[in-house]
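Visitor:
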Amino acid sequence: MFKMNTPYLSKSSVAGFTLIELLCVLFIVSLVSTIGLHGFLGLKARVEQQVFFQTFENNLAYIHERAIIGGTAAYIHSRQDYIAIDFPYDGKAQEILYAPSSIKVITINDLTFHQYTGTYGPISSFDFVDTLANQRITYQLFLGSGRYEKRITPIVHAT
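In case it helps, the numbering used here puts the sequence shown at residues -13 to 145.
#1: Figure out for me which residue from THR20, THR103, GLU43 and ALA60 has the closest Cα to the Cα of LYS136.
#2: Determine the closest residue to TYR102 out of HIS50, LEU127 and VAL37, with distance taken between C-alpha atoms.
#3: Less than 9 Å between the beta carbons of SER110 and LEU129, yes or no?
#4: Would DSSP call GLN66 helix, strand or coil?
#5: Does DSSP classify ALA31 as helix, strand or coil?
#6: Tell me which residues share the same chain as GLU34 and place their Cβ nearer than 6 Å to its Cβ, disregarding the 5 neighbours each side in the sequence.
#7: What is the residue span of the beta strand (DSSP E) that LEU127 lies within?
#8: With the cut-off set at 9 Å, would you say PHE39 and ILE123 are in Cβ contact?
#9: Please tell me whether ARG133 has its Cβ less than 9 Å away from any Cβ of chain D.
#10: Hey, how far is the Cα of GLY28 from the Cα of TYR61?
#11: Rounded to whole angstroms, what is the Cα-Cα separation between THR93 and PHE112?
#12: Could you compute how far the alpha carbon of VAL115 sits from the alpha carbon of ALA53?
#13: Alpha carbon to alpha carbon, what distance is there between GLN36 and LEU12?
#14: Which same chain residues end up closer than 7 Å to GLN126 when comparing Cβ atoms and leaving out the 5 residues on each side of it in sequence?
#15: If you draw a straight line from the C-alpha of LEU17 to the C-alpha of TYR68, how long is it?
#16: Flag this pair as yes or no: are the beta carbons of ARG32 and LEU118 separated by less than 9 Å?
#17: Can you tell me where the beta strand (DSSP E) holding ARG137 begins and where it ends?
Structure follows, in structure tokens:
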């Protein structure tokens, strides 16, 4: 009476892949992408450091100029994981620079740039440790000129 059409399974001339071959390809692709990701994360940490230090340097120049030209004292508050820059007219930090996880702020202090002169109070340097490159970064400020010297020294561990 009724004849059902059943799909015809034929042997194809195209060879298929086995589960083992597919797993090998998946493993190789995963390995290559993991290696690329590791390199990307290292690059990301370096870029974060460069942005942090460039912003810090720009703010050093800006705060010095602002104290002289604006006629108001300006402050830098350095703490273990951030640096805050503020001016007294509103009492709030104008900018807070959070240190990347690979940078440790060593100099924990408050620095005042005096009005009209731009000279500063008790400390004259900021020290950081770069844990990725195992280096100490020191910004030595020069009194009144607004200039600074950046020194990078390797950290040598005693064995």
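Beta carbons are placed, not taken as given, at the ideal position from N, Cα and C, and that holds for glycine.
Guide: This is what the structure gives:
#1: The residue labelled residue 136 in the question sits at position 150 within the sequence shown. Per the Cα distances, GLU43.
#2: The residue labelled residue 102 in the question sits at position 116 within the sequence shown. Looking at the Cα atoms, HIS50 is the closest of the given residues.
#3: Here the question's residue 110 lines up with position 124 in the sequence shown. Here the question's residue 129 lines up with position 143 in the sequence shown. Taking 9 Å as the cut-off, the beta carbon of SER110 is found closer than this to the beta carbon of LEU129.
#4: Numbered from its first residue, the sequence shown carries residue 66 at position 80. Three-state result, GLN66: coil.
#5: As a working mapping, residue 31 is identified with position 45 in the sequence shown. ALA31 carries a helical assignment under DSSP once its states are collapsed to helix, strand and coil.
#6: Along the sequence shown, read from residue 1 onward, the residue named residue 34 stands at position 48. Result list for GLU34: PRO86, in chain order.
#7: Locating residue 127 in the sequence shown gives position 141, counting from the first residue. Taken as a continuous stretch (DSSP letters only), the beta strand (DSSP E) holding LEU127 covers 121 to 127.
#8: Along the sequence shown, read from residue 1 onward, the residue named residue 39 stands at position 53. Along the sequence shown, read from residue 1 onward, the residue named residue 123 stands at position 137. Yes; because the gap between Cβ atoms is below 9 Å, this pair is in contact.
#9: Reference to chain D is not applicable here, since this structure consists of a single protein chain.
#10: As a first step, residue 28 is located in the sequence shown; it is residue number 42 there, counting from the start. As a first step, residue 61 is located in the sequence shown; it is residue number 75 there, counting from the start. Cα to Cα, GLY28 sits roughly 33 Å from TYR61.
#11: By one-based count along the sequence shown, residue 93 stands at place 107. By one-based count along the sequence shown, residue 112 stands at place 126. Inter-residue distance for THR93 and PHE112 is about 5 Å (C-alpha atoms, whole angstroms).
#12: If you number the sequence shown from 1, residue 115 lands on position 129. If you number the sequence shown from 1, residue 53 lands on position 67. Rounded to whole angstroms, VAL115 to ALA53 spans 28 Å at the Cα level.
#13: Within the sequence shown, numbered from 1, the residue matching residue 12 stands at position 26. Within the sequence shown, numbered from 1, the residue matching residue 36 stands at position 50. Answer to the nearest angstrom: the Cα atoms are 36 Å apart.
#14: Stepping through the sequence shown from its first residue, residue 126 is reached at position 140. Here the set comprises SER110, SER111, TYR134, GLU135 and ARG137.
#15: Counting from one through the sequence shown, the residue named residue 17 turns up at place 31. Counting from one through the sequence shown, the residue named residue 68 turns up at place 82. It is roughly 37 Å from the alpha-carbon of LEU17 to the alpha-carbon of TYR68.
#16: Locating residue 32 in the sequence shown gives position 46, counting from the first residue. Locating residue 118 in the sequence shown gives position 132, counting from the first residue. Yes, Cβ-Cβ distance for ARG32 and LEU118 is below 9 Å.
#17: For the purposes of this step, residue 137 is taken as residue 151 along the sequence shown, with counting starting at 1. Run containing ARG137: 134 to 140, per the beta strand (DSSP E) assignment.
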